[in-house]
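Notes for the one structure printed next.
Residue numbers (UniProt numbering): 1 to 736.
What follows is the structure, encoded as structure tokens:
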């Protein structure tokens, strides 16, 4: 078996792919996984951008690699859950499991080839002029080489463990997303054509994950980054003394990490144990991809394919470094970044929140505050918790946590609150993918400190972002709340765009209290006034608002829909958007990542446009806007338009009700629609076209990742999504 595709195999594969794309083109829906790859292509486009410095370009290349790791761990892993167990699945594209997998792998192979070309031909040549290089051992002088060998002997060598596989040794359990050497050795004695394979042995040497990828050599004029695998390759003979080494090849595997947890309602301990077991199972899940350097042993590779039940197109050969996530070490070492991490709370509605508020409770009483991160500092949210922890008038704190930072001020504030005698309720979602271990550890720490910790609801993942502080103010008990589209994570708040609402509105805080009773107890309120929740009624409510816009359009009334979300995948909602488009509703969608809706198809979606914003910050904000005949309904929250959001998660959307904060949300949407630097427009075939550069069009550049730092009240007031509407009346104050 030759692991390289023969010309005939290539022709057969091309025939399958061409037939698959004929099916895909006829579908009214875009494949979720193919759409995901299109998103990573837009991220890769940032690495191509010659206007960026080399460190930013490397950053985006590293992000594409990290994204692709998750893609093979979860999305391809999920596909194998169908293939391996003979379960049927028809993708949104109309393809069944096997032809879809061939199509997906072909698209991924093309993408990976482009990442390698970009690195080799465009990025690598720029390293020298920027004061650093990625080098081999031959680039070192004698003194540097001596230091490297000393590092190997003292630090690396004692950590290496060759694991042999032959008729007396079982195949070792190799870790996913780890660099591994496959070493083929030969036994002593006479070898003939018939026994040559019997004389061979294969063994594996895993490079320890706690070693930095690059050994760094500091010179006066430059910094050298030596890949650690090249040191080990040079010295690997020390692990095989008196044995002939036939070949040495570096590779990396990805394993299936898509798992469901069997939850036990009657035992919290069983549930945590089940999570821990699944984390271990993920480390040994079925292999979904092999990344292999060129020139490897065909015999070894054939054995791997047979062992892991993979095909030739599951191998991704590399002509350069394997695993571009390694570039984070270079980026952090240089400490050079193009983007300033200075955050200004410049939106006028913040008023005195431009600095750390000394009395957050008094500030919040003055009216709703809409925070837009990272352009507004996350500090007010942290201050709300930290002041609540120390304030003797605060009785209770309730919060939902999904992902928190490693050294979290959020967690510390909750610990202090419990120590100070507050009643602290924390719904900690320990099923947050890839954060399970950290969340379990932090949840146990909070529990030991006296917090009332709930580990989620059986069968559902708690994704909503809510915080409530209950304060005794003498004549009454008052509720202060924060609702958000993003996590309670002060680190990602500097990198992700999100909105958060600080409010004391009695209607909304009453809804929040009811919702907390639902997710921590057994309450079932009849209705919420300003919350829409899942899995209770979110899809139903959104569909009703879409249908209302369609009815207005048919009646000749003004109508319009604008959604800013991360992903659009739910077929029921997509079908309603199609119907609304056919009824004449103008629909503007701003979808960062996956979009399964096909825009601009004649007779189906001619009134729907889709754009994606990809730039310096990760777009994470969710805002839902419905024209409502000139009296807009605007919602923010944690949910995307996905089946999992509606059916398998605890989610919430909150109405942005106050006149001024509503106008701020509209302003965010308006500027997202005006961006001509970071924006891509989705085509009818599912591809994305970068907006023509401002220079080409002769217009001024409008980059929202810069403009939002400079926003004025006049900008906010002028924002308008649809020409027919007059959203803000004279009663809105222009004062800060």
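Built from N, CA and C at the ideal position, the CB exists for glycine as well.
Check	Outcome
Residue 99, DSSP secondary structure in three states	helix
Residue 453 to residue 443 span [Cα, whole Å]	7 Å
Meets three-Cβ-pair contact criterion under 8 Å: the stretch 531–538 and the stretch 555–564	no
Residue 464 vs residue 651 beta-carbon contact at 7 Å	yes
Identified DSSP bridge partners for residue 26	According to DSSP, which records beta bridges pairwise, residue 26 is partnered with nothing at all.
Element boundaries [alpha helix (DSSP H), containing residue 510]	506–520
Within 7 Å, strictly: CB atoms of residue 330 and residue 291	no
Nearest neighbour of residue 183, chosen from 235, 245, 128, 107 [CA to CA]	245
Residue(s) in a DSSP beta bridge with residue 292	251, 317
Counted within 10 angstroms of its Cβ, other Cβ atoms place residue 666 as buried (16 or more) or exposed	buried
Assumed close pair residue 686, residue 30 - CB separation to whole angstroms, cut-off 8 Å	5 Å
Under the three-state DSSP convention, the category residue 77 falls into	helix
Cutoff 6 Å; reference residue 17; Cβ partners in own chain excluding five residues on either side	103, 106
Residue 577 classed as buried or exposed, judged by whether at least 16 other C-beta atoms fall within 10 angstroms	buried
As assigned by DSSP and simplified to three states, the class of residue 580	helix
The stretch 498–518 contacting the stretch 471–484, beta-carbon criterion three pairs below 8 Å	yes
Sequence ranges, beta strand (DSSP E) only - wholly within the stretch 641–686, length at least 3	649–655, 679–682
Alpha-carbon spacing of residue 537 relative to residue 622, whole angstroms	18 Å
Endpoints, beta strand (DSSP E) assigned at residue 534	531–534
First through last residue of the beta strand (DSSP E) which encompasses residue 154	Premise fails: residue 154 is in no beta strand (DSSP E) and is neither H nor E.
Among 614, 575, 552, the one whose alpha carbon lies nearest that of residue 584	552
Neighbourhood of residue 819 by C-beta distance below 7 Å, restricted to the same chain and skipping five residues each side	Look at the range of the chain in this structure, 1 to 736, and you will see that residue 819 is not part of it.
Among 514, 408, 327, 316, nearest to residue 487 - alpha-carbon criterion	408
Close beta carbons around residue 206, own chain, < 7 Å, minus the five adjacent residues each side	174, 175, 178, 180
Limits of the beta strand (DSSP E) - the one that residue 297 falls within	Counting along the chain, residue 297 falls outside any beta strand (DSSP E), and DSSP gives it neither H nor E.
When 542, 456, 682, 437 are compared against residue 521, the one with the closest alpha-carbon	456
Residues near residue 595 by beta carbon distance below 7 Å, same chain, minus five either side	30, 35, 568, 610, 682
C-alpha distance - residue 447 paired with residue 428, whole-angstrom precision	11 Å
Between the CA atoms of residue 72 and residue 258 - distance to the nearest angstrom	10 Å
Bounding residues of the alpha helix (DSSP H) (the contiguous stretch that carries residue 440)	436–448
Residue range of the unbroken beta strand (DSSP E) whose run includes residue 397	394–401
Per-residue DSSP class, three states only, for residue 546	helix
Simplified DSSP state of residue 498, which is helix, strand or coil	strand
Close beta carbons around residue 313, own chain, < 8 Å, minus the five adjacent residues each side	5, 13, 102, 105, 106, 109
Span of the beta strand (DSSP E), counted from its first residue to its last, around residue 47	Not the beta strand (DSSP E): residue 47 falls in the alpha helix (DSSP H), residues 32–48.
Residue 517 versus residue 506: straight-line alpha-carbon distance, rounded	16 Å
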